[in-house]
Each structure stands twice: as C-alpha cells, then as structure tokens.
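Participant: Please read through the structure below; I'll follow up with questions.
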Amino acid sequence: MRIPDSTTTPAATFVKEVTGEATRRWGVHGTDLGCPVRLADGRVAFFFGDTFTSRGRSGTGWRSPVMLRSTTTDLRGGIEFDSAAGGRTAREILPNAHDVRESPDRESAGTEFTVVPADAVTIGDRTYLSVVSVHSWAAQAWPTNFTYLAWSDDGGEHWHRTRARWDNHGGSLDQLWTMERHDGYVYVVSSAFDRINPGGMILRRVPEARILEPGAYEDWGWDRGTGWAWGQPATPILPGPVGEMCLRQIDGTWVLAYFDPTAYAIVTRTARRIDGPWSEPTVQVAGGGWGAADGTWAQIYGGYIHPASTRDELHLLVSQWNTTTGDPYRVLQFTTPLDPPVTPRAPTPTTALPLRVPHRGNGIG
Numbered sequence: 001m002r003i004p005d006s007t008t009t010p011a012a013t014f015v016k017e018v019t020g021e022a023t024r025r026w027g028v029h030g031t032d033l034g035c036p037v038r039l040a041d042g043r044v045a046f047f048f049g050d051t052f053t054s055r056g057r058s059g060t061g062w063r064s065p066v067m068l069r070s071t072t073t074d075l076r077g078g079i080e081f082d083s084a085a086g087g088r089t090a091r092e093i094l095p096n097a098h099d100v101r102e103s104p105d106r107e108s109a110g111t112e113f114t115v116v117p118a119d120a121v122t123i124g125d126r127t128y129l130s131v132v133s134v135h136s137w138a139a140q141a142w143p144t145n146f147t148y149l150a151w152s153d154d155g156g157e158h159w160h161r162t163r164a165r166w167d168n169h170g171g172s173l174d175q176l177w178t179m180e181r182h183d184g185y186v187y188v189v190s191s192a193f194d195r196i197n198p199g200g201m202i203l204r205r206v207p208e209a210r211i212l213e214p215g216a217y218e219d220w221g222w223d224r225g226t227g228w229a230w231g232q233p234a235t236p237i238l239p240g241p242v243g244e245m246c247l248r249q250i251d252g253t254w255v256l257a258y259f260d261p262t263a264y265a266i267v268t269r270t271a272r273r274i275d276g277p278w279s280e281p282t283v284q285v286a287g288g289g290w291g292a293a294d295g296t297w298a299q300i301y302g303g304y305i306h307p308a309s310t311r312d313e314l315h316l317l318v319s320q321w322n323t324t325t326g327d328p329y330r331v332l333q334f335t336t337p338l339d340p341p342v343t344p345r346a347p348t349p350t351t352a353l354p355l356r357v358p359h360r361g362n363g364i365g
C-alpha cells in the first residue's frame with residue numbers, strides 16, 4: 001500500500017525494543033500495545049495486550065491485559081521497567097474469558113476471545129483504564145462486544161471493573177478510546193476499532209468527577225444551523241479507517257498519534273485546541289516489508305505517546321507482529337521532534353467517506 005507523497009519520509013528514529021528479553025523476568029516475552037500513563041506516585045504504568053511467557057504470539061502463559069511499571073527519566077537511553085502488577089509474574093489484571101472459538105457472526109455476540117487495554121488517565125489518586133472486550137479477531141464488522149472502564153487506587157496493583165460500559169451496536173464509534181484531562185474534563189477520542197470502518201473518530205467530553213457515568217458524556221458535533229458545538233450528535237472529527245490512538249497535551253499542544261491503515265504508518269496530528277482544526281498527518285514510522293532496508297518497519301500498529309514526552313522529544317511505543325510466523329511480537333520505542341502545529345481551515349462534514357481498504361492482518365490486540 002502506497003504512502004501519500006506528502007508524508008513519504010518517516011520522521012521518527014528507532015530507540016530500542018522495550019519488551020522481549022528485557023521483560024521476560026515478569027513472564028512478559030511476546031506482547032504488544034504498551035499504552036502508558038503516569039500514576040499518582042509519579043511512576044509510569046504500561047498496559048500490554050495479549051501476552052505470553054514465550055517468544056511470539058503463541059505458546060504458554062497467555063493473559064491480557066498485563067501491566068508493567070517504569071521510573072525511567074532519561075528516555076533517550078530507552079525505557080526500562082522496574083516492577084509488574086502481580087509481583088514476580090505479571091498477572092492478568094482484569095477478567096478475560098479467553099474464548100478461542102473465533103465466532104465472527106453477529107448472533108454469537110456473547111463470546112469474548114480476549115480483553116485488551118485502550119488507554120488510561122489518572123485523576124487524583126485513582127487511575128482509570130479503558131478496556132475492550134474483543135469478540136473475535138476473525139470478524140470485521142463486529143470485532144468487539146463492548147468497552148468499559150476499570151479503576152485502581154494502589155498504583156495499578158489491583159483493578160476493579162465498573163458498570164460504566166458502552167456496547168457495540170455494529171460499527172459503533174465509541175469502542176476504541178484514547179483520553180486526556182484538561183480544565184476539569186476528560187476528553188475522549190474514539191473509533192470503531194476494526195481498521196476498515198470509514199466512520200473515523202469522534203470526540204466526547206465528561207467532567208472528571210463523572211467519568212463513570214455514561215450519561216454524562218457530551219458529544220462534539222456539527223449542525224448546518226449552528227456549526228460545531230458541544231451537545232450535538234457526534235460528528236467524526238477525522239476520517240477513518242483508523243487503528244490504535246493516543247491523545248495527549250504536550251506543552252500546550254494537543255497531539256494525536258495513531259495507526260493509519262490506509263497510509264500503513266504511525267502518524268501524528270497536532271492542534272492548538274481539542275476541538276481542532278487538526279494539522280495534516282505526519283508519518284512518524286512507516287510500514288514496509290520484512291527485511292526491507294529503506295527505513296520502514298513491517299506489520300506495525302499502535303503508536304502510544306510516553307507521558308514524559310516534550311515538543312523536542314516525542315517518544316512513541318509501536319507494536320510489531322509477524323502474523324505469518326508469530327515472531328517477532330513485541331513493542332518498540334521511537335523518538336521524534338514534534339513539528340509546530342499547523343492551523344488549516346476548520347473542517348466541514350461531508351457525506352463523502354474514504355474508501356474501505358482491505359484488512360492488513362497485522363493484529364489489533
């Protein structure tokens with residue numbers, strides 16, 4: 001798949017592989033995702049998806065999600081982990097049915113192949129984690145059952161599942177979350193989580209104190225009479241299809257990093273305000289073929305921003321999985337300077353949607 005001409009030169013440089021042998025002592029060898037959040041005590045927690053004690057995405061010790069912690073302050077030397085939720089072995093921090101029947105039809109919506117983390121936010125002494133109940137990796141239109149919130153008050157050691165839940169009604173754009181705090185609100189950008197849905201991303205907000213109340217979430221939407229405003233039905237703010245996302249505010253700039261399956265790349269956009277307008281995407285890590293020597297990386301996804309990132313040094317966590325052999329299945333660290341935000345003309349919604357693209361098969365969880 002061809003990367004657009006305006007973004008053919010990847011901006012980010014490789015730092016190191018942060019999982020694998022370095023995390024094997026906690027039973028975390030083959031794994032992916034690694035979305036990070038700063039805990040109340042200053043440490044950074046990293047949430048990983050389907051995790052195995054052996055290399056690759058197979059073998060023994062399957063659990064998800066798991067959590068590791070880090071106190072690394074000099075990110076230029078690479079992220080190092082210090083501890084795991086669970087002690088000597090990183091345990092599965094939330095219930096997971098591990099139903100391997102792979103039933104992609106809508107009628108079997110109760111099956112749960114796995115549970116994967118999406119993003120987290122810390123408010124006071126409590127960290128909230130958004131997680132997705134994955135119906136089937138074999139499905140396209142119905143890959144998730146629902147998304148819900150869990151919380152921890154003890155640095156991520158123990159987690160409590162809440163009743164705050166958003167069901168997938170078929171292509172729902174509230175399934176895959178990324179969230180960030182600002183001025184008393186938690187802002188949520190979300191999508192459908194299936195990488196072929198052209199519906200794009202929607203924006204919502206909720207008062208911090210009401211994060212566990214689904215009815216308190218307010219949509220950002222467009223109306224021909226009033227334009228863009230809060231409280232109107234959600235209107236996509238950016239086009240799809242889209243993979244994993246990470247929204248952060250860095251030095252007064254909103255930064256959105258995500259996997260773009262159309263460009264086959266990890267890209268970033270910036271904005272001065274959460275409601276946009278957003279800059280055009282910048283390719284940070286470009287996808288390519290296995291064995292390529294052109295600066296591309298095969299079968300990448302993810303794209304999570306480390307909370308200690310600055311405008312001069314943005315650090316990204318990118319997953320890589322060889323779906324043919326199962327190995328490597330790992331998380332990589334990249335770094336890049338963040339370009340100044342561009343202020344394009346504010347978008348006006350249109351009925352024209354991006355064309356659907358084939359599923360690349362490089363894994364979501």
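Going by the UniProt record's numbering, the sequence shown opens with residue 1, and the numbers climb by one from there. In this text, a Cβ means the ideal position worked out from N, Cα and C, and glycines have one as well.
#1: For Thr178, name the three-state secondary structure that DSSP assigns.
#2: With respect to the beta strand (DSSP E) encompassing Arg88, which residues constitute its N-terminal and C-terminal limits?
#3: I'd like to confirm the pairing. Which residues does DSSP put opposite Tyr304 in its beta bridges?
#4: According to DSSP, Arg269 sits in a beta bridge with which residue or residues?
#5: Flag this pair as touching only if the region 262-272 and the region 216-226 have three or more C-beta atom pairs under 8 angstroms; answer yes or no.
#6: Got a sec? Which residues, its chain only, sit under 6 angstroms from Asp223 by beta carbon, not counting five neighbours each side?
#7: Could you name the residues of the same chain whose beta carbon sits closer than 6 angstroms to that of Leu247, not counting the 5 residues immediately before and after it, in chain order?
#8: Given this structure, state the Cα-to-Cα distance separating Thr343 from Arg55, to the nearest angstrom.
#9: For Glu80, is the classification buried or exposed, using 16 other Cβ atoms within 10 angstroms of its Cβ as the cut-off for buried?
#10: For the region 66-132, which segments carrying the beta strand (DSSP E) assignment without a break, of at least 3 residues, lie completely within its bounds, in sequence order?
#11: Would you mind sorting Lys16 into buried or exposed? The rule is 16 or more other CB atoms within 10 Å of its CB.
#12: I need the DSSP call for Thr23, collapsed to helix, strand or coil.
#13: DSSP three-state call for Ala229: helix, strand or coil?
#14: What residue range is occupied by the uninterrupted beta strand (DSSP E) comprising Asp238?
#15: Measuring CB to CB, does Pro207 end up less than 8 angstroms from Val131?
#16: Let me check you understand the geometry: is the CB of Thr324 closer than 7 angstroms to at least one non-hydrogen atom of the ligand GDP?
#17: For Asn145 and Gly184, what's the separation of their Cα atoms in angstroms?
#18: Using the three-state DSSP reduction, which class does Ala293 fall into: helix, strand or coil?
#19: According to DSSP, which residues form a beta bridge with Tyr148?
#20: Going by beta carbon distance, what residues of the same chain come within less than 7 angstroms of Ser103, once the five residues before and after it are set aside?
#21: Count the other CB atoms within 10 Å of the CB of Pro281; is the residue buried (16 or more) or exposed (fewer)?
#22: Do you know whose CA, among Arg210, Val186 and Ala209, lies nearest Leu203's CA?
#23: Looking at the structure shown, is Glu17 part of a helix, part of a strand, or coil, going by DSSP?
#24: Report the rounded CA-to-CA distance for Pro341 versus Phe259, giving the unit in angstroms.
#25: Output the distance between the C-alpha atoms of Asp174 and Ala292, rounded to the nearest integer angstrom.
#26: Would you kindly check if the distance between the Cβ of Leu317 and the Cβ of Gly86 is under 8 angstroms?
#27: Rounded to whole angstroms, what is the Cα-Cα separation between Pro214 and Arg165?
#28: I'd like to confirm the pairing. Which residues does DSSP put opposite Ser190 in its beta bridges?
#29: What number of angstroms, rounded off, separates the C-alpha of Ala97 from the C-alpha of Arg63?
#30: By how many angstroms is the C-alpha of Trp159 removed from the C-alpha of Leu39?
#31: Are Asp134 and Thr114 close, meaning C-beta to C-beta below 8 angstroms?
#32: Should Thr83 go down as buried or exposed, given a rule of 16 or more other Cβ atoms within 10 Å for buried?
#33: Please classify Asp41 as buried or exposed, where buried requires at least 16 other C-beta atoms within 10 Å of its C-beta.
#34: When the Cα atoms are used, what is the spatial distance from Pro328 to Pro239?
#35: Are Gln320 and Leu332 closer than 8 angstroms when you measure CB to CB?
#36: Within the same chain, show all residues whose beta-carbon is closer than 7 angstroms to that of Thr71, passing over the 5 residues directly before and after it, in chain order.
Facilitator: Looking at the coordinates:
#1: strand
#2: Segment: none, Arg88 is in no beta strand (DSSP E) and carries neither H nor E.
#3: Leu317
#4: Leu256
#5: no
#6: For Asp223, where only same-chain residues beyond five positions count, the Cβ hits under 6 angstroms are Gln232.
#7: Thr178, Glu180, Val189 and Leu256
#8: Low local confidence applies: a pLDDT of 48 at Thr343 is under 50, so the model's placement there is unreliable, and no value is given.
#9: Around the beta-carbon of Glu80, fewer than 16 other beta-carbon atoms lie within 10 Å, marking it exposed.
#10: Annotation: the region 66-132 contains the following complete segments of the beta strand (DSSP E) (minimum length 3 residues), in chain order: 66-70 and 114-123.
#11: Lys16 comes out exposed.
#12: helix
#13: If DSSP states are grouped into helix, strand and coil, Ala229 belongs with the strands.
#14: Checking the displayed sequence, the identity of residue 238 turns out to be Leu instead of Asp. It is not in any beta strand (DSSP E) - Leu238 carries neither H nor E in the DSSP assignment.
#15: no
#16: Among the ligands in the structure shown, none appear at all, so the ligand GDP cannot be discussed.
#17: 30 angstroms
#18: coil
#19: Val131 and Arg165
#20: The beta carbon of Ser103 lies closer than 7 angstroms to those of Thr111 and Ser136 in the same chain, with the five residues before and after it left out.
#21: Pro281 comes out buried.
#22: Val186
#23: strand
#24: Only weak support exists for where Pro341 lies, its pLDDT of 47 falling under 50; the value from the coordinates is given anyway. Whole-angstrom Cα-Cα distance: 19 angstroms.
#25: Looking at the backbone, the Cα of Asp174 and that of Ala292 are separated by about 36 angstroms.
#26: no
#27: 7 angstroms
#28: Under DSSP, Ser190 forms a beta bridge with Trp177 and Ile202.
#29: 10 angstroms
#30: Answer to the nearest angstrom: the Cα atoms are 14 angstroms apart.
#31: With the sequence shown as reference, residue 134 is identified as Val, and Asp is not the correct amino acid for it. In contact: Val134 and Thr114 (Cβ atoms closer than 8 angstroms).
#32: Contrary to the premise, residue 83 reads as Ser rather than Thr in this sequence. Classification of Ser83: buried, given that the 10 Å Cβ count is 16 or more.
#33: exposed
#34: 30 angstroms
#35: yes
#36: Taken in chain order, the residues that qualify are Arg43 and Asp82.
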